[in-house]
Amino acid sequence: MDRFVDYMTTKRGMAEALKAVIASGGNPYAVSRDRLLTAVGSLLDAGIAAGVLRADVPAADVLTSLSGVTLAATEREQAGRLLDLLVDGLVRVAAGR
């Protein structure tokens, strides 16, 4: 029970800290977003260099799509299908197909 109380106390403290940061005009997620964009960009660059991914899709669009899947999927299987659709859309189609 003590762990639960500690958890709830910490959670409440974090919520108040986030509210304060947002109220002051700060973006508490900016660093995380930048790191995710860098990681997605690196993956896209590797796929483009290998000739298997389209070169016209910005990392920010992929990240937004991933966020959308996370918000929209109601079950794990559905999330998997949506991610398959996203990846299929990133695959470079050979000329003439």
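To get my numbering, take the position in the sequence shown, counting from 1, and add 6. Every residue, glycine too, gets a C-beta built ideally from N, C-alpha and C. Note that this is a predicted model, so its numbers are computed, not measured.
Check                                                                                                    : Outcome
Okay, do the stretch 87-101 and the stretch 71-79 touch, 3+ Cβ pairs below 8 Å being the bar?            : yes
In this structure, how does DSSP classify VAL97 when only helix, strand and coil are distinguished?      : strand
So which of VAL63, SER30 and GLY57 has the shortest CA-CA distance to LEU5?                              : Examination of residue 5 is not possible in this model, given that the chain is present from 7 through 103 alone.
In this structure, what does DSSP give as the bridge partners for LEU72?                                 : For LEU72, which the question treats as bridged, DSSP gives no partner whatsoever.
What's the gap between the Cα of ALA36 and the Cα of LYS25?                                              : 15 Å
The alpha helix (DSSP H) spanning LEU59 covers which residue range?                                      : That residue, LEU59, is in no alpha helix (DSSP H); it is neither H nor E in DSSP.
Given this structure, state the Cα-to-Cα distance separating ARG103 from GLU22, to the nearest angstrom. : Residue placement at ARG103 cannot be trusted, given a pLDDT of 45 that sits under 50; what the coordinates show is reported in the next sentence. Computed Cα separation, rounded: 55 Å.
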